[in-house]
Each structure stands twice: as C-alpha cells, then as structure tokens.
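Enquirer:
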Amino acid sequence: MSTASTSDSPAASHLGDADAKTLLDFADGFIRRHIGPSEGELTDMLGRLGFSTLDELSDSTVPANIRLDQPLDIPAPRGESEFLSGLKQIAAKNRVYRSCIGMGYTGTVTPPVILRNVMENPGWYTQYTPYQAEISQGRLEALLNFQTMIADLTGLPLAGASLLDEATAAAEAMGMCIAISNHKKCGFYASDQCHPQTLALLQTRAEGLGVELKIGPLSEIDFEHGKGGLGGVLVQYPTTDGQIHDYSDLAARAAKAGCLVVASADLLGLTLLQPPGEWGADICVGSAQRFGVPMGLGGPHAAFISTHDKYARKLPGRLIGVSKDSHGNRALRMAIQTREQHIRRDKATSNICTAQALLAIISSFYGVYHGPDGLRQIAARTQAYTCALARGLQRLGHSIDGHATDPNASDGRRPIFDTIRIRLGKGRMHAARQVADAARERQINLREYDDGSLGVTLDETVDRALIADLLAAFNFGHFTGFDVDELLAEADDAGMLDFGSLSRTSAFMTHEVFHRYHSETELLRYIFKLMGRDLSLAHSMIALGSCTMKLNATSEMLPVTWPEFSDIHPFAPDTQWRGYTQMFRELERWLSEVTGFAAVSLQPNAGAQGEYAGLLVIRAYHEHAAAKLGQPNVRNVCLIPTSAHGTNPASAVMAGMKVVAVKCDNRGDVDVEDLRSKATQYRDQLSALMITYPSTHGVFESTIREVCDLIHENGGQVYMDGANMNAQVGLTSPGKCGADVCHLNLHKTFCIPHGGGGPGMGPISVASQLVPFLPGHPIQRPDTAGEFAIGPVSASPYGSSSILTISYVYIAMMGGVGLRKATQVAILNANYMAQRLREHYDVLYTDRDGRVAHEFIIDCRDFEKTAGVKVEDITKRLMDYGFHGPTMSFPVPGTLMIEPTESESKSELDRFCDAMIAIREEIREIETGSMDREDNPLKHAPHTMAAVSDDEWNHGYSRQQAAWPVAWLRDAKFWPTVGRIDNAYGDRNLVCSCPPMDDYS
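By full-length UniProt numbering, the letter at position 331 of the sequence shown is numbered 331, and the numbering carries on one by one without gaps.
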C-alpha cells in the first residue's frame, strides 16, 4: 500500500479548518500569549459593548481624522524561539573586551544569587513604584539598606534612594546648590578633572536653569563668579585620571564664601579613602554601578546622592524613610513627598519620576552580601593590582602621573587607587596608538587621551593574566615576565598604596544587615523574605492609570543579561558593538514608524528625561530660527493643561521655559477657547504646548488636530507626552495628530518592566524640522545626533542601552499587526471594565458616545460625605483583596484612574471588578448604618496576618470579612506585612537609614 499521498487523502480530515500555514507557522504564538483574553473572551466583551470586531470598537473610539490609513510598516511577527536564536547571532557581533577605560564605568561581578533571584526575578522586576507602601515593604527595606550604605560610605547622613546616572546626579546636585541659596547665587564651578561626560551634561543642564557654569582648574576658582557668586563647586574624587587630592582646604574656603562643595566620588574607593563628608563636602554623588551592576553599554545603573539632614527638602529623587503603622510597628514609606514633582509641579526640586530602583536594590544586596570587610577586600585587591601595574610600567621606562620613575624619589608622589595615567617613555610619545593596538590585540580597551597619554582603570575582575597582558601591550607586544608580587612590594615601598591623611579611619556599614547575610543560603532567604512582602505582577494585575503595568515576557528579558549585551563599556570603540548598532537602527526605525516622525534619539534614560530632552530640542530649534534672523530667541512660554503630569511643568522649568496653565473643560478636555486665548496672548513668546493624548482623563479628544494647528499658527511646537501611547500604537500616532515631538515610555507601552520604580527609558521621536537638534555626546556621538545637536541629557550616548533589548524583542515578536491588536485590546479591556463598574461608580469622563480610551476614572468623592470613606481607604482595602490600588487622586482629587492593559485576561478583569463592587457594597453598608463609620474594614485596611490572628479582635466586623471577603482569597492570599502607615509621623521624625537594631520591633 502506498503512503506517499496520505496528506491528500480523507485520512487527513482531522486537520479540520486549519490551513497548512497555520499548522506550520507559530510566529503569532507570542501575540496570543501577550494578549490576555482569549478569542472567545474578546468576542464576549465586544458583544457586551455592542460591537462585533475590534476594528469596529477602535473606529468608534479613535477620531476619524487622526486614524492611520495603512498598517504599520513593521515586519511580521516572529516566534519566540526563532527570534531569540536570531538575536544571538546579532549579539555575537558585539565583542566583549576587557575594558580598562574607566570614566565611571568598570567591570563588576554580579553574585549569581543576586543575578538569578533579583535581576532575573519577576517578583522583583515587575513591582511598581512604592507609592502603596503597605505592600512594598520588601523593596523599601532594600532601598533603605542602599541609603544606609551610601550615607555610611560618603560620610553624609542623608542619602536618597537612587538617581539615573553619575552625570545627571551631578547636574541635580548643581541645581540643588542653587536652590539651597534660594537662587541668590547663580554661579557654579566644575573642576576640569571631572569625567568629560559629566562636564558636558552640566553644560546642557546649566543653560536651561540659568546657572552660570565655569569649568577649569581648581587653582583658578573664583568664588565671586556668577550673579551672587558661586552656589557650588564640583570635584571628582578620585579625579577622572586617577589622582587623589585632599580637598579639605578647598572645602574650608568654600564654606567661608558660602559656597557648597559637591564631590563626585567612587563608591568602592570610599571603603579605603576618607569620605567626602569628613573632609568637608556638602553633597556627594556618584554611581553604584560597580556594586554588582553590569556596564550594559551605559546602563541602567543606580546613581546616588547624599547630603546633610538640613537639606532634606531640597534633595531630588526618592527618599525612603522609617515610620510606624496603625499597630505601632516599624514601617517604611517614601518620605516627604511634598517636595516631589507630582505635588510641586513647576516648583519641584526636579522632574525625576522614574529612578533606578531595581539597580539600587541590586547594589544594596551586593553590599549586604559582601559586607564592609568584603568591600574593603575588593577595593584593596583592586588597588594592589593597580599599583603593581604602575610599578611595572615604571620599570619599562614609562611615567605615571603623580609618580617619578625612580621609586626612591619622594617629591610629589600621590597614592593610587584603581586608575593611572601613563605617559610613554622618552622617544615613545607618539607610540600611544601602537600600545593601544597591542592592547586591543589582547582584547583590552585602554583610555586614549588627546595628548598621547593612556589611561588604565582596574576593577574587581582583574587578575594576574590581565596585568601580564597590559605590561606586554606597553612593552609593544612583548611579555615582560615581571613577577606581580615583586612589583607590588616595590609599589608599596614607593608609597603608592599609602593614602596618608586621606586614609579612611571611620567605620562604615555597621548595621547588622551588612554582617548577617554573607552565606548564599542566608542571602537567598533574605532576598525571598523581602520579595514576599511586595505585591507585583507575579501576584495580580496592577491597574494603575497612566502607568501601563503590562506583561514583561520572559523571552523579552532573557537577552538583558547575555554577556554580549551586558559586559560592554559605553565608550568602547563602536567596532566592538556592531550588534548593538544593528539593534539601535532597527529599533529607531520601528519607533519612528509607530510615532509617525522622522527620527529618534535613544539617549534619554527615563520618561521625564525624555520630556526634558524634547523641550530642549524645541528650544534649540527656536534659537536657531531666531539666530538666522539675527535676533535673540524670545520664545520661552510653554502652555500646559492643568490635567498634565507633574513632570511636564517641572521639565519645562528645567528647560528654561515659563509655564502657563491652560484650563480643562467640564468634560476633562483641553479648553480650546482658553488655549486659543493663551496662544494668542503669548504669540510672540510661544515655544511649545505640552499635551498628553489620549487625555490624562482617559479620552480621545476630537479636537486634537485643531489644538495642534492652533499652536503652529502662533509659532509654537507641539510636545506630546507619550505616557498614553498604549492607546495609540497602530491606530493613530503623534505625527498623525499634528505633534512635532514626543517621548516614549518604553517601560510602559513597550514592556521594559518598572522594577519597583525604575529602570525606564524615554527616547524622543521628532518631526523632520527638529532632527538637526537631537542630542549629541562628547565621547561617542550617536548616529542620530543632528547638525546642531544639543548637549547630552544622559551620561552615556544611548542611555540605558542594555534594556533596549526588551522593547526590541517585544516589537519584533508582536510585529505591526500584533502591536495594533494590543492597542485595540487595551481599549476593549478598559471599556469592558468601565461598563461593569458604571453600575456601582460614576465614570467621570467619556467621549460623546460614552466610551473611554485605554484607561478611565471613577469618581469616589461623594463617599467621604455619605460614609466618611476617602479614596485612600478604598486603595488600602483593595490590598485585602490582593490588588494594588489604581492611580489615586490624579488627575482629579478623590478619584481612581484604572488602566487594565491588554495583558490581563477577562477572568482577572472580572476579579478586579468583583473586588471593587464588593468594596462598594461595604461602603453602602456604612451609608445605611449597617457598619460603623469608624469601625469598618475600609478604615482599618489593610489587615495583616498578625492582626487577624491576634487573640483579641475588637472590631464590629468579623475576621473573615477583614481578610477573606471573597471566596478566591481562600485559594491565594497576599498578606500585607504592616498596617496602615502614618506618613505624617515619619515626616515629623525623619529617619532615612537603618536605625540601631534595638529600635526594631
């Protein structure tokens, strides 16, 4: 019997209606896994809303005049396994050399227990910013450990919970100095021995802030520089080329002149060196990258800042503090938020929104794992190898800055930590290229200075083989045979290891947490104990309006920690990161297609930083136009709707603009007539309008084209906040709406996880007229940097490069068709939930047909009158049901903004709705008098296991009502570990580092 034609025989009828392509091609499998509801659930939800297809719903929701008329020009979806295999080939184009470039970036070893159980663990990387502190106690403790470690190492008592990178941290400190002087002192002096990327970024930031910045040698410092004199001075400790100076005299002179001193310090070096706080610095900044966080071609990394307690309200970024809960127990929360951008808006200390919480957490666990003795040992070993190398180079006839070739000479000798600058021996001054090439032949990168000298920075990955290879490179390719131990002894005799009066004598990291978890077993249990105190996407949906907490698929996360992406220095030659280059070009093209714009800069490494960068580009555009006419630029007015995110006005002020508020009407839309009036009034000064679309109220405003045209008619540019792009992708675009620039929150729409408050990425996309002004960089000019490029806005040329792989994989595996469907399902899920909840809560804003975009607002304001229940009570009660509360009191006080995203299944949407409905019934019981207005589950929420299981129960409602109000909680229950936190107590009694152990309950 022949079997050759069985595929055509009736025996193959079991294939049913499936065609061959469906059977052979699984490329769309990821789309089905990314989108939560099944096809049957989609049909059911659409039917409840009166639609047959997703296209019908989106056509009915998105205004016709801004709908895209053709599909996205993005390749078809690719299967997970297939695409990751292809990405491995792209990654192989990157060459992982041993980088001795330094400049604030070094090799490090991420302990595997931290790599696997924190960096690669969704229980840590899918957490949201800890605004709901009762279900964030784990990451808050890890961040408090970070602050304690930073405060101890820098010798300053108050440290924040993480900034973006060292250069932007220095810029934040500059702004802080000016703010502390109440803007009476507008001068700032930066040592020319700081890292060049830091100096360049200071120049960018100073211009917008109106700071009179001067860069030069400290010997030429003039405390009278600038209006009112110097507000601050920045020094690098050690300097960018490794010199270690005693700045105590400078600090004393600065204090006498009323000038603050900012030290940009090396964190590992501070285990051996006198901390800045002890020699007189007022502020200390730097990067915690070398504490276990890979270089990743520039990020993400946690920066740090510390200062004196008296400057707490001027400190930018997050600040974790100790308070107590409703039971009197110790509890943590973000402290004094009244200084943050979401409260103070254009008067905020900074526009910082996304920080680098996950990376700060990793660095804190690194510090916990090694403890002070382990960190000192790593530092001492690094120093020893550096000094041995220095002595070997002297033997070869080269000179080390600060050291005579003769080891017996005593004049001018300076100690060495991890960095040396080498001047080649007599007759060899022009051989730097030969040495650098010999090093690269051994897969080593050196720092090359313009004057022909070379720099070497070592780190904890150094070994004897690296020293031998470096000496061979400086011996023009010939191995020396020098004995490292002998070289170290000679270096010691030459005083290279002796810090003298700058040696650290004070203890640091004395708290028990840094002494207890040094075995892997202990650290593993500590990591999981803290993780268990935090609610993340691993537990339930996080329906935060405007925050887009969607699936961060495992396949998207895998490449982040591949060595080919994670272990590359940001200033390595671009020939060593051709794989990155290919990824950048494709990602830029895809994002340009999504936004409808001409070009993209990937440099901004946070959403708010993208806002700032976009406004700087607009400002540069106007300045260029005015200069061509021989006139000064007077366009500095930025119109911003009152509903805007707090980062918008803060960013505008940082960019040197004057904020003018525009009203919203009773539907929540931009009041077009008020906008017209303001645009006309400021016609000659109008720089930009900042607008979010769909609106911050969760509605597709039909007037968006009219709004954009109105701004253009009056000479301005339109900046679109990309926070709500999850409702646009594939259906419309900022370019189609008429905007000129937007930033994209890759940690929202494009799947980079929030990481407990960061990392994020905020690339900007611009129309053709703005392309020439895209950000540049002094070390490595990005390919998209324009002819009239603004200065850098991030320390590295491509921001947090390593996590761009996440969005790259997401877009590739979704394809254009998948991205469009994701947007449609996000809109469907929001409208389905709004319909379910509308019977119990008022949905505050809709379009004229009663529909919402991808998020919606429910009104809870009346409950305070009818039941004494505030919106905060509802969010705390949701914790008892196993959910994170929606966005609270933004953009309207007393409301909740809910965004389900496309990743949540119908069953999860229903579970959340059921919880909200159950809470509404509890409110109704209070309204009718069935429950007491004070003694009820909402007022005492959240309920901890300790409270529910206590011998005493003094409430008028049952323990079951408190902890298990619905049946599903018997199957899986997330327990908050603390009761409701007293924020006011914590702010009155500010403690932002680990207290003595006796203070712990």
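Ideal Cβ positions, reconstructed from N, Cα and C, are used throughout, including at glycine.
No experiment lies behind these values; they were computed from the predicted model shown.
With a threshold of 8 angstroms, are at least 3 pairs of Cβ atoms found where one atom belongs to the stretch 617 to 637 and the other to the stretch 769 to 783?
Expert: The stretch 617 to 637, when compared against the stretch 769 to 783, does touch it at the 8 angstroms Cβ threshold.
Enquirer: Look at the alpha carbon of Q946 and the alpha carbon of D721, and state the distance between them as a whole number of angstroms.
Expert: Correcting the residue type first, residue 946 is Ala in the shown sequence and not Gln. Approximately 44 angstroms between the Cα atoms of the pair.
Enquirer: DSSP on L24, reduced to helix/strand/coil?
Expert: Below a pLDDT of 50, predicted positions are generally treated as unreliable, and L24, at 46, falls in that range; the measurement from the model is reported next regardless. Here L24 sits in helix by DSSP.
Enquirer: With a 10 Å radius around its C-beta and 16 neighbouring C-beta atoms as the bar for buried, classify K88 as buried or exposed.
Expert: Looking at its Cβ environment, which holds fewer than 16 other Cβ atoms inside 10 Å, K88 is exposed.
Enquirer: Of all the options R676, L639, V793 and D674, which has the alpha carbon lying nearest to the alpha carbon of residue 1002?
Expert: The chain is shown from 1 up to 1001; residue 1002 falls before or after that span and cannot be answered.
Enquirer: To the nearest angstrom, how far is it from the Cα of E41 to the Cα of A853?
Expert: Taking the straight line joining both Cα atoms gives about 19 angstroms.
Enquirer: What did DSSP end up calling N989 once you bin it into helix, strand or coil?
Expert: N989: coil per DSSP, three-state reduction.
Enquirer: Is P641 helix, strand or coil by DSSP?
Expert: Reduced to three states, the DSSP call for P641 is strand.
Enquirer: Can A465 and R391 be called in contact, C-beta distance under 8 angstroms?
Expert: No, they are not a contact pair.
Enquirer: P900 and H697 - do their beta-carbons sit closer together than 8 angstroms?
Expert: It is not a contact, given that the beta carbons lie outside the stated cut-off.
Enquirer: Residue range of the alpha helix (DSSP H) that D152 falls in?
Expert: Looking at the DSSP string, the run of the alpha helix (DSSP H) that includes D152 is Q137 to T154.
Enquirer: Please state whether the Cβ-Cβ distance between V817 and P77 is less than 8 angstroms.
Expert: Yes, Cβ-Cβ distance for V817 and P77 is below 8 angstroms.
Enquirer: Output the distance between the C-alpha atoms of D411 and G402, rounded to the nearest integer angstrom.
Expert: In this predicted model, D411 has a pLDDT of only 47, less than 50, meaning its place in the structure is not dependable; the value taken from the coordinates is given anyway. One C-alpha to the other measures close to 9 angstroms.
Enquirer: From what residue to what residue does the alpha helix (DSSP H) around G187 run?
Expert: No alpha helix (DSSP H) holds G187; the beta strand (DSSP E) holding it covers G187 to S191.
Enquirer: Between L115, L267 and T307, which has its C-alpha nearest C992's C-alpha?
Expert: Measuring from the Cα of C992, the nearest candidate turns out to be T307.
Enquirer: For G610, does the three-state DSSP call read helix, strand or coil?
Expert: In this structure, G610 counts as helix in the three-state DSSP scheme.
Enquirer: How far does the beta strand (DSSP E) with L267 in it extend, from its first residue to its last?
Expert: Per DSSP, L267 belongs to no beta strand (DSSP E) and is neither H nor E.
Enquirer: Going by other Cβ atoms of all chains shown within 10 Å of its Cβ, with 16 needed for buried, is H943 buried or exposed?
Expert: Burial call: buried.
Enquirer: Taking buried to mean at least 16 other C-beta atoms within 10 Å of its own C-beta, is T554 buried or exposed?
Expert: Result: exposed.
Enquirer: Please classify Y105: does DSSP put it in a helix, a strand, or coil?
Expert: It is a strand residue.
Enquirer: Could you tell me the alpha carbon to alpha carbon distance between C177 and D165, rounded to whole angstroms?
Expert: Distance between the alpha carbons of C177 and D165 is about 18 angstroms.
Enquirer: Does the beta-carbon of L24 have 16 or more other beta-carbons within 10 angstroms, so that it is buried, or is it exposed?
Expert: Reliability fails at L24, whose pLDDT of 46 lies under 50, so the model's placement of it is uncertain and the value that follows must be treated cautiously. Exposed, because fewer than 16 other Cβ atoms sit within 10 Å of the Cβ of L24.
Enquirer: Excluding the five sequence neighbours on either side, which residues of its own chain have a C-beta within less than 8 angstroms of the C-beta of S566, listed in chain order?
Expert: P294, M295, G296, V560 and S802.
Enquirer: Quick check: the stretch 685 to 696 against the stretch 629 to 638, are at least 3 beta-carbon pairs closer than 8 angstroms?
Expert: Short answer: they touch.
Enquirer: For T382, which of helix, strand or coil comes out of DSSP?
Expert: Three-state DSSP puts T382 in a helix.
Enquirer: Contact between the stretch 861 to 881 and the stretch 921 to 928 is defined here as three or more beta-carbon pairs at a separation below 8 angstroms; is this criterion met?
Expert: Because the criterion of three Cβ pairs below 8 angstroms is met, the stretch 861 to 881 and the stretch 921 to 928 touch.
Enquirer: L454: buried (16+ other C-beta within 10 angstroms of its C-beta) or exposed?
Expert: Buried.
Enquirer: Give me the Cα-Cα distance between L844 and P893, rounded to the nearest whole angstrom.
Expert: Looking at the two C-alpha atoms, the distance is approximately 12 angstroms.
Enquirer: Which residues in the same chain have their Cβ closer than 6 angstroms to the Cβ of A200, if we skip the five residues on either side of it in sequence?
Expert: The residues are P778, G791 and P792.
Enquirer: If you draw a straight line from the alpha carbon of L153 to that of L675, how long is it in whole angstroms?
Expert: About 51 angstroms.
Enquirer: So does the stretch 574 to 593 actually touch the stretch 607 to 614, counting three or more Cβ pairs closer than 8 angstroms?
Expert: Judged by Cβ distances under 8 angstroms, the stretch 574 to 593 makes no contact with the stretch 607 to 614, as fewer than three pairs qualify.
Enquirer: Does the structure place the stretch 465 to 476 close enough to the stretch 360 to 373 that three or more beta carbon pairs sit under 8 angstroms?
Expert: The stretch 360 to 373 vs the stretch 465 to 476: no contact.
Enquirer: Please name the residue in L140, S399, R578 and Y237 whose C-alpha comes closest to that of I361.
Expert: Out of L140, S399, R578 and Y237, L140 has the C-alpha closest to the C-alpha of I361.
Enquirer: Thinking C-beta only, is D842 closer than 8 angstroms to P965?
Expert: Result no, Cβ atoms of P965 and D842 do not sit closer than 8 angstroms.
Enquirer: Which residues in the same chain have their Cβ closer than 7 angstroms to the Cβ of T732, if we skip the five residues on either side of it in sequence?
Expert: Here the set comprises V62, I66, R67 and L68.
Enquirer: For the candidate residues I352, G232 and L234, whose alpha-carbon lies nearest to that of A161?
Expert: When each option's Cα is compared against that of A161, the closest is I352.
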